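There are 2 protein chains.
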Amino acid sequence: MTMHFTTHAPQAPAVPARGRLRPLGQGEVRITGGFWGDRQVVNGEHTLAHIGSRLESEGWLPNFDLAASEGLDERRRGREFSDSEVYKYLEGLSWEIGRTDDPLLEERLRAVVARVAAAQEPDGYLNTRFGRPGQGARWSDLEWGHELYCLGHLFQAAVARERTRPGADDGLLGIARRAADLVCAEFGVDGRAAICGHAEIEVGLAELSRVTGDRRYLDQARLFVERHGRGTLRDIEWGRKYYQDDMPVREAEVLRGHAVRANYLAAGAMDVAVDTRDTGLLNALRRQWDRTIARRTYITGGQGSHHQDEAFGDDWELPPDRAYSETCASIGSIMFTWRLLLAGGDARHADLIERTLYNVVATSPSPDGRAFYYANTLHQRVPGTPADPDTTSPRASSSLRAPWFEVSCCPPNVARMLASLDAYVATADAEGVQLLQYAPATVRTVLDDGRVVAFDVATAYPADGRITVTHVSDSDAPWTLSLRVPAWATGATLRIVTGGSTQQRSADPGMVEVRHSFRAGDVVQLDLPMVPRVSSPDPRIDAVRGCVAVERGPEVFALESVDLAAAGATDVAQVAIAPGTVPFERDGRVWATVQRLPLGRGPWPYGEAESTAGTATAEVPLVPYHEWAERGPSTMRIWIPEAR
Amino acid sequence: MTMHFTTHAPQAPAVPARGRLRPLGQGEVRITGGFWGDRQVVNGEHTLAHIGSRLESEGWLPNFDLAASEGLDERRRGREFSDSEVYKYLEGLSWEIGRTDDPLLEERLRAVVARVAAAQEPDGYLNTRFGRPGQGARWSDLEWGHELYCLGHLFQAAVARERTRPGADDGLLGIARRAADLVCAEFGVDGRAAICGHAEIEVGLAELSRVTGDRRYLDQARLFVERHGRGTLRDIEWGRKYYQDDMPVREAEVLRGHAVRANYLAAGAMDVAVDTRDTGLLNALRRQWDRTIARRTYITGGQGSHHQDEAFGDDWELPPDRAYSETCASIGSIMFTWRLLLAGGDARHADLIERTLYNVVATSPSPDGRAFYYANTLHQRVPGTPADPDTTSPRASSSLRAPWFEVSCCPPNVARMLASLDAYVATADAEGVQLLQYAPATVRTVLDDGRVVAFDVATAYPADGRITVTHVSDSDAPWTLSLRVPAWATGATLRIVTGGSTQQRSADPGMVEVRHSFRAGDVVQLDLPMVPRVSSPDPRIDAVRGCVAVERGPEVFALESVDLAAAGATDVAQVAIAPGTVPFERDGRVWATVQRLPLGRGPWPYGEAESTAGTATAEVPLVPYHEWAERGPSTMRIWIPEAR
């Protein structure tokens, strides 16, 4: 069954024209605390200010002022895509204003929009890097210039603003529309048959079409999607797959090339497929997601195994130590996966989003919200050097979180994701509401036929596996509350307390449904088993053969060198997990039994096999991966060798 | 004991002022056939002509003609270092002329030298990329410009020519000297305190000093070596270690950064250390080699685990599938290791050279000598696409050998190595001759005190482990014949037949010595055990945990998908080596017993462990790694999982 809900306008980052599920936006779901609520507060109070400050000091916002006056070519600072960070900052501000209604942020947003507006040229063109005397001509470097990419982010910002403050008089939507009109004129059916080297314009245009109702933007998005794979971009050392120009989107079997580009394109293609009812394209994207998740995704949900081109490797090529797993690729993966979830309602998509949120998105920022991982390695061999807070770091220095990068796409991407996170918690269909992510929250919405849904969620998840839904209003007619039971949660139970009677039943992984005319005070309680578990990799993932990972609930755990004292070790390379041992919980932490590896080889490291049999064992604590490197430089590994 | 042999002028690529061993050059050792002799013939007959033809068609040689006339800035073709390929070609021609005295090659060499000479500026400057109207100023981009790097290769070419044809009237040595004089003036003690972003000038200047007797060049080489690690080059994303400007050479503990740069610098630093009697520097380089071999070298001898920066990874970071193992890095490693061997006489250095020759240098070129690997992966996951013979390939497309690359350093590097290989077979000291590499050969030399050494080597090595040394002249006084027993050759035996009497003894790994007044007809016969063997990696080499490699003699073997029919498999990812099985020989091939892996996982590749217990086994042949991909596209792996 597919619903049509064009009349709805949720405050959410993706609002397809139709689909199995409709997102509940910020007005309908509010995260009120807990794991994600705490991070949203840090994001709103610290990260956004930090980003705003760096955009000033790095010159990326002042570029707009220079563009509005003169002298930009010599004085412009930053990489060719720096405009986009300003737009992602605007998007983050928009969601945060939607979430908190903070007048200070409103003031900041308006000030930034005014500076951007001043830099827009009369015909709608907007980019600080091209088109002025001394600069390259407009659209002269589609492979690397990122002009359309930047505009895609501008459109997403304008969409976020319009969804959270419809009809605001700040002018952002008008800026976006003028730029989009120019794009349609330049790159339309009769214009240049070209694409941008970095996908993003597709999702931006499609979403802009949704908030404006202007079909031209959707058509233009479709044109850009369909033009991929026609070889309109120059071939490069890494091949045209780097920018997904190697084959048409509907013919591809898997995501490939640059992992952020691949996911952004897939998200835009989803929007086009759904809004234009293109079943062939939709099925192609589902197929690509399936294979990408089965063969090209880290246990953290991270994607991208190549540093060189920030790209997907081949199937099964998932080195933990050279994992790139760019923060932005994970956000792109969530964008793509969320659209598949809305279209089809498959709980597996919500599982992957949860995994990615806890193990990449939560890993990137430091607890104070002012430093970030750009790359998210699964194995740190050498303790890192703390980033100098006053300098700008190379993008992929994965040893410790850094305040800013020369390529600083990740910090504002994390900010916009966290500020909009309420909109990923729950969805609705004609028969009820689906609770997909677990956080303390309030949910208030009205189903299509007018039935009111109102409940609160209480939980200490993921520290604890109990999720308690308490209904706060009376419903005259039955509706269906669906709760996601993650794939790892075998043995989950559901307890339903309605009007004083209690039922209990087991809940298999997938969506578990409770249909009832809920009354205020009724409770639905889900208990997810949070026992630490051990996972082995598919034998084709060569890089982690003979290793296991420890997981608990949605969190992947890591062994960190600072926790190895009991084993008499100082480096994760010195220990292996003892054969047959099972990780356990004690004092609120997860522990494993390890033993020292025999490391007695001489000058040449290849020869007869050595056994660990007989070496002493010790119990050591693990940390949730997202907490690693918060106690200073260390070595770390998610995949722990099994002693033999 | 250290000898001094400045009066000797071997026809060899490295002739230190002193050391434990003196190289025997082309005039003293001649490879007469076999594994390497066959490759030398292909190199001389096909590879050099192929390179010469590509240097013309790519415009890299015509750049010199343009430089001599006009219009270079617009019409110059090739990367900033393309001049160096012309010089390596000249070096290769020089060694090949030394080896074969081929008049056609002599004519070619002279023609190329004349074109290079015409491009040299009056003050000695020589580079087609800088210094002319419309080009960058001389020395204006030391990080990436490669001007000094190119000159280093020019000097090595001039040295090869002077050693093989002393006093030739072609002018090459004069070109080199004029350029070297300019370098000394520009970069001397009172000049710019700068280095080149790619080491090579150091080894070039030191060797030029040796053939000319001009001490200034050695002093300048020393200055360049000592200036590394002073941060005179700009910091970059990968850090200054990329070009070994992160710390002084004498303070480093290991090779790091770009693997070719690191080895070339180490070779140049060795020349400086030996010729200036700098024991501290020499010991530092020994230490670096030890750790590099113990922790940063592939089982093939290849080095460099990062594609991104063509660089060494951290200790133990040796992924087989993302192995870069650049052909040129191996040649640099041989240059460095050979100098250590000459200085100290340690058989381990000859072991590493042998390993690298058989498993990287022999792997790069195709049997016809007209296609090459630039990167030498140890694991190919996806069958490659044959390179288009008419185009130029990206450098690291490791799937199949390609005729030429945009960065084409490797083909001429292989050519100069093969053409000079006779000079790596044997050395001498005051008491005798050391036979280090095994090939059918003649050895004729005179020891310092006038004792004549003359013997022939007969062997089918590495197909067979018997090496037969037959003396062809009478010696009045005893001298010592030393034969290298490789570290893997436990159980080797030596048979000595002198004047009709026969002795037999066991020969432990290292150098085995036979001292005798050899007479014509005396025979020394070494039998190396060539039984296939299994090697396991140090447990810290995470990427190949749970795998073994099969070796036989100096050759590393590989499993190739085209050989898996008996196992019912089409891809090396489908099989593992059966537990406890031992590889064996049959019909001249090496075989292993494999079994199918259970590959039944669903949509998510992490979960419960699966066992191979009970699946059927099959015997499949392996190929020497250097022969892989000679039967068309395939998947391949050196490290084979062990079934559990």
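Protein chains in written order, with our numbering: chain A, 408 to 1051; chain B, 408 to 1051.
Backbone N, C-alpha and C define an ideal beta-carbon position, used for all residues, glycine too.
Since we're looking at a predicted model, the values are computed, not measured.
When secondary structure is reduced to three states using DSSP, Met937 of chain B falls in the coil class, being assigned neither helix nor strand. Val520 of chain B carries a helical assignment under DSSP once its states are collapsed to helix, strand and coil.
Shown here for Ala526 of chain B: same chain residues with a beta carbon closer than 6 Å to its own, the five before and five after excluded, namely Phe471, Ala474 and Ala475 in chain order. Val931 of chain A is positioned such that its CB atom lies closer than 9 Å to that of Leu888 of chain A.
Within the segment 741 to 784 of chain A, the runs of alpha helix (DSSP H) that reach at least 4 residues and sit entirely inside it are, in chain order, 754 to 763. Exclusion of the five residues before and after Gln695 of chain B leaves Ala659, Glu660, Val661, Leu662 and Ala673 as the residues of its chain whose Cβ lies within less than 7 Å of its Cβ. Segment contact: the segment 718 to 729 of chain B against the segment 664 to 673 of chain B, three or more CB-CB distances shorter than 8 Å; contact assigned.
Taken through DSSP and simplified to helix, strand or coil, Phe862 of chain B comes out as strand. Taking 9 Å as the cut-off between beta carbons, the residues of the segment 922 to 950 of chain A near chain B are Val941, Ser942, Ser943, Pro944, Asp945, Pro946, Arg947, Ile948, Asp949 and Ala950, in sequence order.
Below the 7 Å Cβ cutoff, chain B contributes His714 and Gln715 as neighbours of Gln715 of chain A, in chain order.
Contact residues of the segment 995 to 1028 of chain B toward chain A are Leu1004, Pro1005, Leu1006, Arg1008, Gly1009, Pro1010, Trp1011, Pro1012, Tyr1013, Gly1014, Glu1015, Ala1016, Glu1017 and Thr1019 (C-beta to C-beta distance below 9 Å). With a cutoff of 9 Å on beta-carbon distance, Val955 of chain A and Ser968 of chain A are scored as not near each other. Residue-level contact check: Thr704 of chain A touches chain B, since one or more beta carbons of chain B fall below 9 Å from its beta carbon. If you ignore the 5 residues before and after His453 of chain A, its C-beta comes within less than 8 Å of the C-beta of Asp775, Gly776 and Arg777, all in its own chain and listed in chain order. Fewer than three pairs of CB atoms, one per stretch, sit closer than 8 Å, so the segment 458 to 465 of chain B makes no contact with the segment 786 to 794 of chain B. Taking a C-beta cut-off of 9 Å against chain B, the contacting residues of the segment 949 to 970 of chain A are Asp949, Ala950, Val951, Arg952, Gly953, Cys954, Val955, Ala956 and Glu958, listed in chain order. Residue environment for Leu688 of chain A: buried (at least 16 other C-beta atoms within 10 angstroms of its C-beta). Within chain A, the C-beta atoms nearer than 9 Å to that of Asp697 of chain B come from Pro1010, in chain order.
Here Ser882 of chain B is buried. Its C-beta has 16 or more other C-beta atoms within 10 Å. Of all residues in the segment 885 to 915 of chain A, only Ala894 come within less than 8 Å of chain B when Cβ atoms are compared, listed by chain position. Sequence-ordered contacts of the segment 726 to 745 of chain B with chain A read Pro726, Asp728 and Arg729 [C-beta pairs closer than 7 Å]. Cβ contact annotation for Arg522 of chain B (same chain, cutoff 8 Å, sequence separation greater than five): Leu468, Phe471, Asp472 and Ala475, in chain order.
Taking 9 Å as the cut-off between beta carbons, the residues of the segment 759 to 790 of chain A near chain B are Leu759, His786, Arg788 and Val789, in sequence order. The beta carbons of Gln433 of chain B and Gly531 of chain B sit about 30 Å from each other, so the pair does not count as a contact at 8 Å. Within the segment 425 to 490 of chain B, the runs of beta strand (DSSP E) that reach at least 3 residues and sit entirely inside it are, in chain order, 436 to 438.
In this structure, Pro727 of chain A and Leu785 of chain A form a Cβ contact; the two beta carbons are roughly 4 Å apart against a cut-off of 8 Å. Sixteen is the threshold: since fewer than 16 other Cβ atoms of the shown chains lie within 10 Å of the Cβ of Thr909 of chain A, the residue is exposed. Counting the other Cβ atoms within 10 Å of the Cβ of Arg482 of chain A gives fewer than 16, which makes it exposed.
Out of B:Val832, B:Pro961 and B:Glu1034, the CA that lies nearest to the CA of Gln418 of chain B is found in B:Val832. C-alpha of Val596 of chain A to C-alpha of Gly636 of chain A: approximately 17 Å in a straight line. Taking all protein chains in view, the Cβ of Thr704 of chain B is crowded by 16 or more other Cβ atoms within 10 Å, so the residue is classified as buried. Take Thr1022 of chain A, set aside five residues on each side of it, and the residues of its chain with a beta-carbon closer than 6 Å to its own are Gln1002 and Arg1003, in chain order.
Taking the beta carbon of Pro1048 of chain A as reference, the chain B residues within 8 Å of it are Pro946, Asp949 and Arg952, listed in sequence order.
When secondary structure is reduced to three states using DSSP, Glu838 of chain B falls in the coil class, being assigned neither helix nor strand. Taking a Cβ-Cβ threshold of 7 Å, the residues of chain A close to Pro801 of chain B are Glu644, in chain order.
Comparing alpha-carbon positions, the option among A:Leu640, A:Pro529, A:Ser1041 and A:Gly620 lying closest to His553 of chain A turns out to be A:Leu640.
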